[in-house]
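Taking it in order: structure first as structure tokens, then the write-up.
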Ligand code: ATP
Ligand code: MG
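Shown next, in the form of structure tokens:
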């Protein structure tokens, strides 16, 4: 391929709104162009990378026994009403109407459509198990589209759905897909980790996410270096402290803490460890229209985990209460709130670690005051409920009891779920078993963020000059930079010959025929991240020498044509 024919559109500077390295580099390298918020065109160069990812995903899905199909992106509302998700999915779903005023959505996911296909087409156990997948455009009206294709509104997903006669068969396919996902990320050359996950809005029971590890990742992953425990922090259990609550040694004391509205500020003022303080958070929970204020208690150095907390029946639908709501329901001053001396008595839920505290510090429910030396049972009743409502932190014991947790950051690139019968029951996806009895199918679903992978790979592989693609993802393998292209027929002939010989090795070659200065050509090649560069010059040709350099290496090697080809064979 020649550059002039191909169309490169690199930029010196990234647009100001790009924050993340991958977003900047994708725009600068001209892989994508922004059309609107969360909407991107895949330019020819970017599309080559996207297709490489797609191909590897497709090969591994096929190998795992999944069968490809393609469903419509636009879906009738009736199916979502049947599953109960038309109202539940929320504002992420782009709802549209046709000319007859009928409701549709642009599919954010395809459980309903695939269930409809399977309930119509698959009636007998003989056709099970069945695993169907597609690679297709999804739309989710993300509240904050950002980081380019990392969190876009329109994006490419591989989604697979499996159907089974029983749970054992689901387990088998789930494991096969787990393995296939691992192979995909290994082949892509990415550092990744599968972790136990929260099934979220898709639902179901067992679920794992696959994360590409990167410091810029939006997700925090808790893992144990001395065992194979790994879970999204959204889910990771903070196990009850091994210690019993200590005896009360101090008497309760009300101290002025004017202007000190955080545990950190109070601990500093009172010269006490942050771990001795208790913070109160008020949330609203319960059915819409009948929400109640609930007070949650956490140790000062811990953070509330809203996802874990929302699983407690009393905290269903939880959201943080506003200042007005706190005033209205509890009549306590924000910044000085605590579980003691409350005029109105809300439900009080204490984190497991708070339950073991004694002689602690908390808000006095009086403006500008805190209490010290507070003790459960003596100064206030025991909490209504003790539960795991905080996020784990580094150093917490691993829930498997085999060491201490560490925290790493990751980008979620895949997510697999055992849906069991959540959708098949709601939508009547049944089959006749061997004895002719009607049964509901077991179901699994498996997603890969194909377009997000491209950005995630860059987050893991770049330097100050640009992208350093893993071999399997590079848009081209080899870049030929001819010097003085226009004026030298020898250079033209040699560059073309080199192009053909490299192509004959089965490698993808880009020949820069723009007649640019070497600096410009090199900067583009390094920005785009093509792994191998070969310089052809008149001076070199006179002594049969080409200059070969691999992306990321500091020095070019002076080699003859055969040696260059040998090097490429070895390294690609
Ligand atoms: P996230 O937690 O990042 O919002 P999700 O859990 O909602 O993702 P899933 O429903 O599990 O996403 O979708 C499967 C995969 O699709 C995700 O693992 C992710 O890689 C990808 N994906 C989801 N939302 C987006 C998006 N807005 N832009 C790009 N890729 C996405
Ligand atoms: Mg997910």
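In our numbering, the protein residues as written are 48 to 619. By construction, the Cβ of each residue, glycine as well, lies at the ideal position given by its N, Cα and C atoms.
Whether residue i touches residue j by CB criterion (8 Å)
i, j, result
"residue 560", "residue 568", "no"
"residue 509", "residue 579", "no"
"residue 325", "residue 404", "yes"
"residue 241", "residue 229", "yes"
"residue 153", "residue 124", "no"
"residue 300", "residue 245", "no"
"residue 295", "residue 409", "no"
"residue 74", "residue 62", "yes"
"residue 342", "residue 386", "yes"
"residue 433", "residue 345", "no"
"residue 436", "residue 321", "no"
"residue 448", "residue 256", "no"
"residue 99", "residue 88", "no"
"residue 130", "residue 470", "yes"
"residue 347", "residue 397", "no"
"residue 399", "residue 283", "no"
"residue 503", "residue 231", "no"
"residue 537", "residue 612", "no"
"residue 454", "residue 267", "yes"
"residue 216", "residue 177", "no"
"residue 159", "residue 127", "yes"
"residue 143", "residue 264", "no"
"residue 298", "residue 450", "no"
"residue 185", "residue 220", "no"
"residue 50", "residue 557", "yes"
Span of the alpha helix (DSSP H), counted from its first residue to its last, around residue i
i, result
"residue 600", "From DSSP, residue 600 is part of no alpha helix (DSSP H); its letter is neither H nor E."
"residue 53", "50-53"
"residue 136", "Neither: residue 136 is in no alpha helix (DSSP H) and is coded neither H nor E."
"residue 370", "370-377"
"residue 225", "214-235"
N- and C-terminal bounds of the beta strand (DSSP E) containing residue i
i, result
"residue 93", "Segment 91-110 is the alpha helix (DSSP H) holding residue 93; no beta strand (DSSP E) there."
"residue 143", "141-144"
"residue 340", "339-346"
"residue 604", "604-606"
"residue 163", "No beta strand (DSSP E) contains residue 163, which is instead part of the alpha helix (DSSP H) from 158-168."
"residue 580", "579-583"
"residue 148", "No beta strand (DSSP E) contains residue 148, which DSSP labels as neither H nor E."
Residue i - DSSP class collapsed to helix/strand/coil
i, result
"residue 121", "strand"
"residue 241", "strand"
"residue 592", "coil"
"residue 571", "helix"
"residue 79", "strand"
"residue 416", "strand"
"residue 332", "strand"
"residue 198", "strand"
"residue 404", "coil"
"residue 358", "coil"
"residue 67", "coil"
"residue 444", "strand"
"residue 381", "coil"
"residue 586", "helix"
"residue 130", "helix"
"residue 173", "helix"
"residue 561", "coil"
"residue 191", "coil"
"residue 619", "coil"
Beta-bridge pairing of residue i - partner residues as DSSP gives them
i, result
"residue 254", "464"
"residue 178", "209"
"residue 398", "434"
"residue 556", "525"
"residue 423", "427"
"residue 115", "180"
"residue 389", "According to DSSP, residue 389 bridges with nothing at all."
"residue 546", "According to DSSP, which records beta bridges pairwise, residue 546 is partnered with nothing at all."
"residue 351", "437"
"residue 366", "331"
"residue 410", "417"
"residue 57", "DSSP lists no partner for residue 57."
"residue 87", "81"
"residue 204", "183, 496"
Check: residue i C-beta below 7 Å from any heavy atom of the ligand COA
i, result
"residue 256", "Among the ligands present in this structure, namely the ligand ATP and the ligand MG, the ligand COA is not found."
CB contact check: residue i to chain B, cutoff 8 Å
i, result
"residue 132", "Of the chains in the structure shown, none is chain B; there is only one protein chain."
Ignoring anything shorter than 3 residues, give me the beta strand (DSSP E) runs that lie fully in the stretch 450-535, in order along the chain. 453-467, 477-479, 485-487, 489-496, 525-529
Ignoring anything shorter than 4 residues or poking outside the stretch 246-326, list the alpha helix (DSSP H) runs there in chain order. 310-317
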